[in-house]
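Note that the protein sequences, when read in sequence, are chains P and R. The working numbering puts the first residue of the first sequence at 1, with every later residue one more than the last. The working numbering puts the first residue of the second sequence at 1001, with every later residue one more than the last. All residues carry an ideal CB built from backbone N, CA and C; glycine is no exception.
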Amino acid sequence: DSGVTQTPKHLITATGQRVTLRCSPRSGDLSVYWYQQSLDQGLQFLIQYYNGEERAKGNILERFSAQQFPDLHSELNLSSLELGDSALYFCASSVVPLQGNTGELFFGEGSRLTVL
Amino acid sequence: QQQVKQSPQSLIVQKGGISIINCAYENTAFDYFPWYQQFPGKGPALLIAIRPDVSEKKEGRFTISFNKSAKQFSLHIMDSQPGDSATYFCAASSWGGKLIFGQGTELSVKP
C-alpha cells in the first residue's frame, strides 16, 4: 500500500459527460502528480501541483483541469469526454517536487475511466 | 527532446535467465533515472534508480547500467523469477522537473 488513495476505482460514463477523479496523497506529501496510462501511450504526465500551486504541466488537454486543495487532496476534472479519454488515471505524490537525483513518486492504484 | 524511448515492448524469459530492458534519452539535462515496476491492477512502484555520475548500480538481482555518452541506460534482472513478471518503466527527470516515463516493457518469466 503506497498510502495514496484514489477514488473512484472504476468509472463508466458516456461521451460528452464530465467526471471528477479524486486523489489523497500520502500523509506529509506536498506534491501531487497526475498521469494518464493508455495501452498505446504508456504513462503520460498531465500536471503537477505543489502545496496548492500548479508546478508543471504536461500533455494535458484543455478539456481537463486539476486543482490541489488546502488539505492537499487533488481533483482531476475531465469534461466533454471522448472515447479516446478512456484510460487509467494515476495520481502520485512525493514529499517535495523531484529534485534531480532524489525523490520517489508514490502512485495510487488508479482510476479506470471507460467512456462509451 | 523530452522523450524516453524504451525497448523491447514485451519480453519473455525463462526462469533463471537474465532479463534486459533498454532505454534511451535525448535531453542532456536529465539527471535522475529511475525504474518503476507495475503489477496488474496496481500503480507503478519505484524499483531502483541511478544518477549519471555512476555507471552502474546494483540492488539484489536488479542492476542499472548507465552510459552517459550514449545517453542510454538499461535494467538487468538476474536469475529472473516468475514473481518478476510485471510491466517495467524507465523514466528520467531533470532538477525540479517532471518525471518522463518510457513506453513500458511487459516482462513474462516462464517457469
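- Work out the CA separation of residue 1080(R) and residue 86(P) for me, nearest whole Å. For residue 86(P) and residue 1080(R), the distance between alpha carbons rounds to 33 Å.
- residue 999(R) versus chain P: which residues are under 7 Å apart at the beta carbon? Coverage of chain R is limited to positions 1001 through 1111, which leaves residue 999(R) absent and any answer about it impossible.
- Would residue 26(P) pass as a contact of residue 93(P) if the rule is Cβ separation under 7 Å? With a cutoff of 7 Å on beta-carbon distance, residue 26(P) and residue 93(P) are scored as near each other.
- Task: Report buried or exposed for residue 1019(R), applying the criterion of at least 16 other Cβ atoms within 10 angstroms of its Cβ.
- Result: The residue is buried, with at least 16 neighbouring Cβ atoms inside 10 Å.
- Message: I want to verify the contact list: residues of chain R whose CB lies under 8 Å from the CB of residue 109(P), in sequence order.
- Response: The contacting residues are 1041, 1042 and 1043.
- Nearest residue (CA-CA) to residue 5(P), options 107(P), 113(P) and 116(P): Closest option to residue 5(P), Cα to Cα, is 107(P).
- Does any CB atom of chain R fall closer than 7 Å to the CB of residue 42(P)? Cβ-Cβ to chain R under 7 Å: yes for residue 42(P).
- Partner residues on chain R for residue 2(P), Cβ-Cβ distance less than 8 Å: Per Cβ cutoff of 8 Å: 1043 and 1045.
- Could you have a look at residue 1082(R) and say whether DSSP puts it in helix, strand or coil? Residue 1082(R) falls in the helix class under three-state DSSP.
- Query: To the nearest angstrom, how far is it from the Cα of residue 78(P) to the Cα of residue 1078(R)?
  - Reply: Answer to the nearest angstrom: the Cα atoms are 42 Å apart.
- Quick one: Cα of residue 1022(R) to Cα of residue 112(P), how far? Approximately 28 Å between the Cα atoms of the pair.
- Query: How big is the Cα-Cα spacing for residue 1004(R) and residue 1073(R)?
  - Reply: Rounded to the nearest whole angstrom, the CA to CA distance from residue 1004(R) to residue 1073(R) is 10 Å.
- Message: Cutting at 8 Å between CB atoms, please list the residues of its own chain near residue 15(P), excluding the five before and the five after it.
- Response: These residues qualify, in order along the chain: 81, 82, 83, 115 and 116.
- Query: Are the CB atoms of residue 1091(R) and residue 1025(R) nearer to each other than 7 Å?
  - Reply: No Cβ-Cβ contact shorter than 7 Å links residue 1091(R) with residue 1025(R).
- Message: Could you check whether the Cβ of residue 1061(R) sits closer than 7 Å to any Cβ belonging to chain P?
- Response: Using beta-carbon distances, residue 1061(R) does not count as an interface residue toward chain P, since no partner is under 7 Å.
- Query: Which residues of chain P have a Cβ atom closer than 7 Å to the Cβ of residue 1103(R), listed in chain order?
  - Reply: Those within 7 Å of residue 1103(R) in chain P are 42.
- Distance, Cα to Cα, residue 1087(R) vs residue 66(P)? The straight-line gap from Cα to Cα measures roughly 28 Å.
- Hey, how far is the Cα of residue 1029(R) from the Cα of residue 88(P)? Each residue's Cα considered, the two are about 29 Å apart.
- Message: If I measure Cβ to Cβ from residue 100(P) and keep anything under 7 Å in the same chain, skipping five residues before and after, which residues do I get?
- Response: Model confidence at residue 100(P) stands at a pLDDT of 46, short of 50, so the residue's coordinates are unreliable; what they give is reported in the following sentence. No residues qualify anywhere along the chain.
- In whole angstroms, what is the alpha-carbon distance linking residue 47(P) and residue 1041(R)? Approximately 22 Å between the Cα atoms of the pair.
- Task: Pull up the DSSP beta-bridge partners for residue 1045(R), would you.
- Result: DSSP output for residue 1045(R) lists 1037(R) as bridge partner(s).
- Item | Buried or exposed by the 16-neighbour rule on C-beta atoms within 10 Å, applied to residue 1098(R) | Classified as buried, residue 1098(R) has 16 or more neighbouring CB atoms from the shown chains inside 10 Å of its CB.
- Task: For residue 64(P), decide whether its Cβ has a neighbour in chain R, counting only Cβ atoms nearer than 7 Å.
- Result: No, residue 64(P) does not count as interfacial toward chain R.
- Pair within 7 Å by beta-carbon distance, residue 110(P) and residue 1043(R): Against a cut-off of 7 Å, the Cβ pair of residue 1043(R) and residue 110(P) comes out as a contact.
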